[in-house]
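S.K.: Sharing a structure with you now.
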Amino acid sequence: IRVGVAAVQTTELDSIGWPMSGGAINLAIQKLRDDGFISAFDFEWVFEAYKASLLTVNYTECDRSLGAAVGMEFMRNKKLDVVIGAPCQDPMEVMATMATFYKTPLLAWGLVTDSKFTDADRYPYLTNIMANSLSLGFSLVKLLEMMDWDRVALLYETSAQDYPLSIINDVETAINEYETYGVNVVWRCQ
């Protein structure tokens, strides 16, 4: 199995940066091997950024155009078997569309929580290991109902990736769509 990783090297370094999160791949592969799930598979990692021959890692830095370039390199040029996608929503949207065209399995992780990525008709080759923020919103409404709270303030900070805003939008959608309990958003502020 030939695997590529679309990563970030400097963007959101503490949460999704490759220097902080890259080692988890080897741990996950070892755990899957130890548990017997992938004993019949060999993995080829072509590490392009460092010119080694075991892992293809290219950096998108949460940029749509770089996501397109990395997607083309992985899916069209190298024809990799699976891609661990960019950990940001903008390049992931481009790469998920490309994965549909090239029929390449794509794994989403990191800050990719927008509910649009759960649309299996639009993104049939995308699998996300993260819970989507719409589900988070419905869970929040259920918690508010259990606590008998019917008013909420939504506060968030700005981000270059619009990550907090997409979460807030999904939470607000959940609040508006929840049928058995009414919650009022009394304040929304960034």
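Number 1017 in the working numbering belongs to position 145 of the sequence shown; there are no gaps in the numbering.
In this text, a Cβ means the ideal position worked out from N, Cα and C, and glycines have one as well.
In this text, all values refer to a predicted model and were calculated from it rather than measured experimentally.
(1) So what's Y1035 in DSSP terms, helix, strand or just coil?
(2) Identify every residue that forms a DSSP beta bridge with V1073.
(3) Counting only the same chain and skipping the five closest in sequence on each side, list residues whose C-beta sits under 6 Å from that of T882.
(4) On the premise that A980 lies in contact with M1002, defined as a C-beta separation below 8 Å, what is that separation, rounded to the nearest angstrom?
(5) Does the stretch 1037-1053 come close enough to the stretch 1002-1017 to have 3 or more Cβ pairs within less than 8 Å?
(6) Return the CA-CA distance between I1047 and N1056, expressed in angstroms with no decimal places.
(7) Considering only the alpha carbon of each residue, which of T972, F915, L1026, I897 lies closest to D993?
(8) Can you tell which of P977, V1013, G889, L1037 has its C-alpha closest to the C-alpha of P996?
(9) Under DSSP, the alpha helix (DSSP H) around T928 begins and ends at which residues?
(10) Do V955 and A878 have their C-beta atoms within less than 9 Å of each other?
(11) Give the secondary structure of V966 by DSSP, where H, G and I count as helix, E and B as strand, and everything else as coil.
(12) When DSSP labels each residue in this structure, what does G943 get in the three-state scheme?
(13) Look at the Cβ atom of G982, then the Cβ atom of D962, and state whether they are nearer than 9 Å.
(14) For I873, I'd like the list of residues in its chain whose CB is within less than 6 Å of its CB, leaving aside the five on either flank, ordered along the chain.
M.R.: Reading off the structure:
(1) Judged by DSSP in its simplified three-state form, Y1035 adopts helix.
(2) No information on residue 1073 is available, as it lies outside the stretch 873 to 1062 that the chain covers here.
(3) Around T882: no qualifying Cβ.
(4) Rounded to whole angstroms, the Cβ separation of M1002 and A980 is 7 Å, and the two are in contact under 8 Å.
(5) Output reads yes: the stretch 1002-1017 touches the stretch 1037-1053.
(6) Between I1047 and N1056, the C-alpha separation is close to 8 Å.
(7) Of the candidates T972, F915, L1026, I897, the residue whose Cα lies closest to the Cα of D993 is T972.
(8) With distances taken between Cα atoms, P996 lies closest to P977.
(9) Note, T928: premise wrong, no alpha helix (DSSP H); beta strand (DSSP E) at 928-931.
(10) A878 is positioned such that its CB atom lies closer than 9 Å to that of V955.
(11) Per DSSP, reduced to three states, the secondary structure at V966 is helical.
(12) DSSP places G943 in helix when its eight states are reduced to three.
(13) Cβ atoms of G982 and D962: not closer than 9 Å.
(14) Residues of the same chain with a CB within less than 6 Å of the CB of I873, apart from the 5 flanking positions on each side, are F913, F915, D953 in chain order.
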